[in-house]
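Chain order of the listed sequences is A and B.
Quick note: the first sequence uses my numbering, first residue 1, plus one each step.
Quick note: the second sequence uses my numbering, first residue 292, plus one each step.
Note that CB positions come from ideal geometry on N, CA and C, so glycine has one too.
Given the structure is predicted, the values throughout are model-derived calculations rather than measurements.
Remarks on the structure that follows.
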Amino acid sequence: MSSLMKGTSSLGVGVGLRPTHFPYFLSQKPQVEWVEIISENFMGLRSMGLGGRPLVVLEKIRQDLQVAMHGVSLSIGSADALDTVYLKRLKELAERIEPFIISDHLCWTGIDGRNVHDLLPLPFTPSAVNHVASKIGMVQDFLGREILMENVSSYVTFSTSEMTEWEFFSEVARQSGCGLLVDVNNIYVNAVNHGFSPLDYLHGLPTHSVRQFHLAGHMESDDILIDTHSCLVAENVWNLYREALKIFGTRSTLIEWDEEIPPIETLFQEASKAKAIMREEIEGKVYEQEA
Amino acid sequence: MSKKPDDLCTPQNELKSLQREFMENLTQAASPVRSPLLSAMPKARIRIYQHAYQLRLCEALLESFPVTHWILGDDQFEALSFEYYRAYPSTFFNISETGVNFPKFLAKLELEFPFLVDLATLEWARVVSLYSAYSSQRKITPLSQISPDVLPRCALSLTPSAQLVSLSWDVKPLLDAFHSREDGQPLEIDSPTFQETFLLVFSGTDHKIEVTPIAADAYRLLAAIQNGKTLEESLALSFEESSENDAQKITNWFRSWTKMGIIEGGVVESVTRKTKLRS
């Protein structure tokens, strides 16, 4: 199993590192291979330099675990120019933590220098692809490494869109050379909210660009699904994850939980479930090859 | 007359217009959904973004100002947070930094609790300490390596986590009581007294945020040091006439501040530069 895992550059299953669980990670041997941080929570304040207690804790945890840096404020899709203060701080943090992945979202979070701290959807147009791909190129050049872009959940679409979401996502990867972080839950949520097939989405992505999966919980509200990250991964999302593993092979997979954060054991149980599914898929592939 | 860059119909400007309109809808809860750019979606779907925006920022503010929230209660705190973010929208990458103007915002209101601005000021100082940089960007020499004859002309450097707070109300007991209570336990404490208070907030050796009362002259001395004055200038600003008692007191303060990690060291470069300028 380990050779297959290595061959597909998978670090196995990780969980999101949140302050509630800092005491656990500082005192116990974690039951996961890696953790993912929200980069901005460790980048200090804009008016000051890098530092602060969260970063001190992270550096201790980093001694035992691999870390993925996942941002929420790059705002790659904003019509604004890139924020150079932000980028410098991101690079400084990356040099300090040496993450195995740096990622952010294919979205915008504000305009005219304002940040609404939400992951807002983009119109799926060729000009938006050009705009985003060009900015990703600048970020990758500045950081000197590949970054991953994650698909976001959404509740509205734009009348100006000219392509499907997965065509847009794929084209951004093709033009910019970035990797893809495929959030399986977000695909499912958007499929229900906007009425498309989640399998069409998965099959439409370039296999060689997919680097990581995210899994999270959502809630149902009237006729739509809300991406809340506040509960267990839904059964339909687990099923879609199996399909994703069949199509792309194993990839580092994260259990995300950001609201109403449960005891760490709950996250580990979800991680175990993801590991078991990953193992089943690997063994299935080995069996198929032998047959 | 030539068109301004923002008036030109380029893909970049179309995206900018769309994003401005979307954001206006999102941040102004009462405004109607006007965008022809959005597909025919029920208004309820835009309201998901509006609601998430308000909730997320209110939670961020609550995390930075838990005692202020406790005093005001859920409803009033939530209402104030909406007004606050209308007045001071975020321009920060770290959501925790969005509370920076909250004490200033409260100061403009007529509040039921006169000590609330001071309480929020103290809570914000704790946030700044929590996220403070490892060390200042300047080249610092440890105090022990600075020759005594140079020391008076050195600009000393305080640890970036050191926050000096001057208040009209003694709100520290309230803050202490709130943070030391057991989860879910009711909190009963007397209202803060109207009393000039000077506090030093800093990140301790175990990175726990400490709040220590200091004397008025110690506050003045540290403030002068923080403003880049040399040690002798700082002392002159803090003590009109120095006595033997003062000398002993100051020695004790420095001993204590060095032990607490408040003094990073001295900037010897500043002495060299001043010497060169004089010559």
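Taking three-plus beta-carbon pairs below 8 Å as touching, is the stretch 516–524 of chain B in contact with the stretch 496–503 of chain B? no
Just tell me which of A:Arg-53, A:Ile-111 and A:Val-56 has its CA closest to the CA of Ser-75 of chain A. With distances taken between CA atoms, Ser-75 of chain A lies nearest to A:Ile-111 out of A:Arg-53, A:Ile-111 and A:Val-56.
Residues near Tyr-340 of chain B by beta carbon distance below 6 Å, same chain, minus five either side: Leu-317
Taking the Cβ atom as the reference point for each residue, do Ile-102 of chain A and Arg-211 of chain A lie within a distance shorter than 8 Å? no
In this structure, does DSSP put Met-163 of chain A in helix, strand or coil? coil
Cα separation between Leu-363 of chain B and Tyr-422 of chain B? 26 Å
List the endpoints of the continuous alpha helix (DSSP H) containing Gln-212 of chain A. Where Gln-212 of chain A is concerned, there is no enclosing alpha helix (DSSP H), although the beta strand (DSSP E) it sits in stretches over 210–215.
Determine the closest residue to Ser-127 of chain A out of B:Ser-355, B:Lys-399, B:Arg-377 and B:Gln-303, with distance taken between C-alpha atoms. B:Gln-303
Of all the options B:Phe-356, B:Leu-491 and B:Ala-453, which has the alpha carbon lying nearest to the alpha carbon of His-470 of chain B? B:Phe-356
I want to verify the contact list: residues of chain B whose CB lies under 8 Å from the CB of Trp-108 of chain A, in sequence order. Gln-310
In whole angstroms, what is the alpha-carbon distance linking Ser-570 of chain B and Arg-444 of chain B? Because Ser-570 of chain B sits at a pLDDT of 48, beneath the cut-off of 50, its placement in the model cannot be relied upon, and the following sentence gives the value as read from the coordinates. About 15 Å.
Between Leu-491 of chain B and chain A, is the shortest Cβ-Cβ distance under 8 Å, so that the two count as touching? no
Give the straight-line distance between the Cα atoms of Gly-557 of chain B and Ser-529 of chain B, rounded to the nearest whole angstrom. 19 Å
Who does His-498 of chain B pair with in a DSSP beta bridge? None, per the DSSP bridge assignment.
C-beta neighbour in chain B for Met-69 of chain A, strict 8 Å: No, Met-69 of chain A does not count as interfacial toward chain B.
Alpha-carbon to alpha-carbon, Ala-416 of chain B and Phe-404 of chain B: 20 Å
Answer with yes or no whether the minimum CB distance from Tyr-340 of chain B to chain A is below 8 Å. By this cut-off, Tyr-340 of chain B is an interface position.
To the nearest angstrom, report how far apart Lys-60 of chain A and Glu-146 of chain A are at their CA atoms. 26 Å
Is any beta-carbon of chain B found at less than 8 Å from that of Phe-158 of chain A? With a threshold of 8 Å between beta carbons, Phe-158 of chain A makes contact with chain B.
Leaving out the 5 sequence neighbours to the left and right, which residues in its chain are closer than 6 Å to Asp-294 of chain A when beta-carbon positions are compared? Nothing can be reported for residue 294 of chain A, as the shown portion of chain A is limited to 1 through 291.
Can you tell me which of A:Glu-283, A:Asp-223, A:Ile-261 and A:His-229 puts its alpha carbon nearest to the alpha carbon of Arg-336 of chain B? A:Asp-223
Return no unless some Cβ of chain B is closer than 8 Å to the Cβ of Ser-127 of chain A. At a cut-off of 8 Å between beta-carbon atoms, Ser-127 of chain A makes contact with chain B.
Cα-Cα separation between Asp-80 of chain A and Pro-121 of chain A, rounded to whole angstroms: Roughly 15 Å between the two C-alpha positions.
Would you list the one or two residues that DSSP bridges to Thr-432 of chain B? B:Gly-557
Within chain A, partners of Ala-343 of chain B - CB distance below 7 Å: For Ala-343 of chain B, the neighbours in chain A by C-beta distance under 7 Å run, in chain order, Asp-118.
With distances taken from CA atoms, which of B:Leu-449, B:Ile-437 and B:Thr-503 is nearest Val-456 of chain B? B:Thr-503
Strand pairing of His-105 of chain A, partner residues [DSSP]: A:Glu-150
Below 9 Å on C-beta distance, what does Glu-479 of chain B contact in chain A? Correct list: empty, because the minimum Cβ distance to chain A is about 28 Å.
Just to make sure I have the definition right: I need the residues of chain B whose C-beta is within less than 7 Å of the C-beta of Arg-53 of chain A. Which are they? In chain order: Leu-421, Ser-494 and His-498.
Under a three-way DSSP split, which group does His-117 of chain A fall into? For His-117 of chain A, the secondary structure class from DSSP, reduced to helix, strand or coil, is coil.
Nearest neighbour of Gln-66 of chain A, chosen from A:Trp-108, A:Met-48, A:Leu-254 and A:Lys-88 [CA to CA]: A:Leu-254
Have a look at A:Gly-179, A:Ser-73 and A:Thr-157 and flag the residue whose alpha-carbon is nearest the alpha-carbon of Thr-125 of chain A. A:Thr-157
Under 7 Å, CB to CB, which of the residues in the stretch 380–408 of chain B have a partner in chain A? Pro-380, Ser-381, Thr-382, Phe-383, Phe-384, Asn-385, Ile-386 and Glu-388
Whole runs of the beta strand (DSSP E) within the stretch 179–242 of chain A, excluding any shorter than 3 residues: 179–183, 210–215, 219–221 and 224–226
Three-way DSSP call (helix, strand, coil) for Trp-34 of chain A in this model: strand
Could you check which residue in B:Ser-438, B:Val-419 and B:Ala-538 has the C-alpha nearest to that of Leu-573 of chain B? Nothing about residue 573 of chain B can be reported from this structure: the residues present for chain B run from 292 to 570 only.
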